[in-house]
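Chains as they are written, first to last, in the numbering used here: chain A, 1 to 395; chain B, 1001 to 1163.
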């Protein structure tokens, strides 16, 4: 059997572009690809005829690493998947292991609320990057600076809690690295009070900006059925009008006890599921995350407040002893459904297989479908609205 | 839920469709016949009561030292908010010029395209009928399939010593 038949077909395709067509390489160092992604475009003048994405420039063998060490040691590697939302990655991984251990009911409430609090802070930070860099992709410089200024506050808070700016290793199997530092709750409340008006300002600056609307509305409209068929999740899927949020559907951790809305795209400025909708869903989600943070803080200062005897590491297992089993854990990351498929082995704490299903990987796969027949400039707008992180696409 | 689906598949495709139900403590797995996988997936996607329209994940598993591979499909249904796991097992001698072959489901869910390319790239499972089965994460000229447990690191890459 000839296994390289597809490769030959691809080479043939590139070699046989028509006389009026041109092959353009966008990336891997193009600023609008948000990392090391290479898009091979077959263009006819300004029109994109076909897109061939080339991935793997940032492949760091997460799966292979994870099956050579015990579960707890893999947590720092999960941080590096979607490095803009490290807390959410390790939360999903840790929940998967805890469920296999059958200990998710025994996790103290304070630990769970702290986890959700830091995850939502990280979700805001991730969405701020998405919104800010999306602005700069299509020529709006100011929102970029504003977003990074406000994200810096979150980075500083999470650094205070975990000791690290971006890659935290804060959520551990059965608990946390440390309790929150004294005074964290007050500082966090101050941040929420500071950030709300700033967010309104940002929303006003970008969402109804005529230039921004012209660049994004009716561009790259993704119908719901196509989005589902391509495995798109998170804001991508919700912008197409599907109310699908795993925090509600699966109701993991303490999300069932919290009140928040699930924003969906409405096609306000143009077609349902266009770039503007995807952008707007993220802005609305930041508002919902702020609500969740306030509720978490309320409970962390009330029912589950800090006590001297509280030890977040009390339940951390010395060795993860699992029976031979399989489990697929999924959780809602800022970018969409993050899944971990575990295949465990008997009598060892090293898994046979850990497969990470990154949301960006699947969201990106719809790009050739969305970009065909568009202008090159609009392709930038579409790619920015997908909000990929190459650390997770390539893993 | 799993029994229901097993029953439905039984009725539609006969005895040989579901080989066995792997009773996992958390997520039971339907081990299905590899020859029928495309029909089963299409059936599960389009049948009322199932509507598994969202393919979350495909992962390939190597059961070294046994001469056996598995491909696991995690499906979820957006209308009914349910999940199901399908598994296909393939015996193979682990030779690099004789890869385990199974049918591609990329005609059912387009997202399977990239998942299958990844499984081919890293685990060396060949999906017949796939529209564009090239390596996706590794360079096109890579030798071997690194996620296999018996994979040996290369000594050189393009004549450059890398060890």
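Positions of the beta carbon are idealized from the N, C-alpha and C atoms, including for glycine.
Residues of chain B with a Cβ closer than 8 Å to the Cβ of residue 339/A are, in chain order, 1056, 1057 and 1074. In this structure, residue 376/A keeps its C-beta atom at 7 Å or more from the C-beta atom of residue 17/A. When the beta-carbon positions are compared, residue 288/A and residue 260/A come within less than 7 Å of each other. Straight-line measurement puts the Cα of residue 334/A at about 18 Å from the Cα of residue 169/A.
Separation of the CB atoms of residue 134/A and residue 384/A is rounded to 4 Å, and the pair is thereby assigned contact status at 8 Å. The residue among 148/A, 247/A, 116/A and 171/A with its C-alpha nearest the C-alpha of residue 198/A is 148/A.
For a Cβ distance threshold of 7 Å, residue set 328 of chain A lies close to residue 1085/B, ordered along the chain.
Identification of residues in the segment 89-101 of chain A having a C-beta nearer than 9 Å to some C-beta of chain B yields 99 and 100, given in sequence order. DSSP places residue 99/A in the uninterrupted alpha helix (DSSP H) bounded by 86-101.
Contact annotation: the segment 1052-1072 of chain B does not touch the segment 1133-1141 of chain B, with fewer than three C-beta pairs closer than 8 Å. Chain-order list of chain B residues neighbouring residue 361/A: 1114, by C-beta distance under 7 Å.
Between residue 1143/B and residue 1154/B the beta-carbon gap is near 6 Å, inside 8 Å, which marks them as a contact.
One thing to note: residue 317/A has its Cβ no nearer than 7 Å to the Cβ of residue 176/A. In its chain, beyond the 5 residues on either side, 1051, 1053 and 1054 have a beta carbon closer than 8 Å to the beta carbon of residue 1078/B.
Contact of residue 1021/B with chain A is not assigned, every C-beta pair being separated by 7 Å or more. Taking all protein chains in view, the Cβ of residue 1089/B is crowded by 16 or more other Cβ atoms within 10 Å, so the residue is classified as buried. In chain order, 325 make up the part of chain A whose C-beta sits under 7 Å from the C-beta of residue 1025/B.
Here residue 308/A carries a coil assignment [DSSP, helix/strand/coil]. Assignment of residue 123/A by DSSP, reduced to helix, strand and coil, places it in the helix class.
Residue environment for residue 323/A: exposed (fewer than 16 other C-beta atoms within 10 angstroms of its C-beta). Proximity of chain B to residue 231/A at the Cβ level (cut-off 9 Å) is accounted for by 1054, 1055, 1056, 1057, 1109, 1110, 1111, 1112, 1114 and 1115, in chain order. The count of Cβ pairs closer than 8 Å, one atom from the segment 347-367 of chain A and one from the segment 261-277 of chain A, stays below three, leaving the stretches out of contact.
The alpha-carbon of residue 362/A is positioned some 21 Å away from that of residue 262/A. Going by beta carbons, residue 284/A and residue 217/A fall outside the 7 Å limit. Identification of chain B residues near residue 63/A by a Cβ-Cβ cut-off of 8 Å yields 1122 and 1147, ordered along the chain. Considering only beta carbons, the part of the segment 343-355 of chain A lying closer than 8 Å to chain B consists of 343, 352, 353 and 355, in chain order. If you check the CB distance, residue 395/A and residue 62/A come in under 7 Å.
Relative to residue 1008/B, the option among 1024/B, 1032/B and 1027/B whose CA is nearest is 1032/B. Among the CB atoms of chain B, none fall inside 7 Å of the CB of residue 224/A. For residue 386/A, same chain residues with a beta-carbon under 7 Å away, outside a window of 5 residues either side, are 236, 363, 364 and 367 in chain order. Put simply, the backbone Cα of residue 204/A is about 23 Å away from that of residue 241/A. When the beta-carbon positions are compared, residue 1123/B and residue 1151/B stay at least 7 Å from each other. With contacts defined by Cβ atoms closer than 7 Å, residue 23/A and residue 58/A do not form a contacting pair. A check of alpha carbon separations from residue 189/A across 65/A, 301/A and 358/A identifies 301/A as the nearest. For residue 265/A, the closest Cβ of chain B is not nearer than 7 Å.
Per DSSP, the unbroken alpha helix (DSSP H) holding residue 392/A starts and ends at 390-394.
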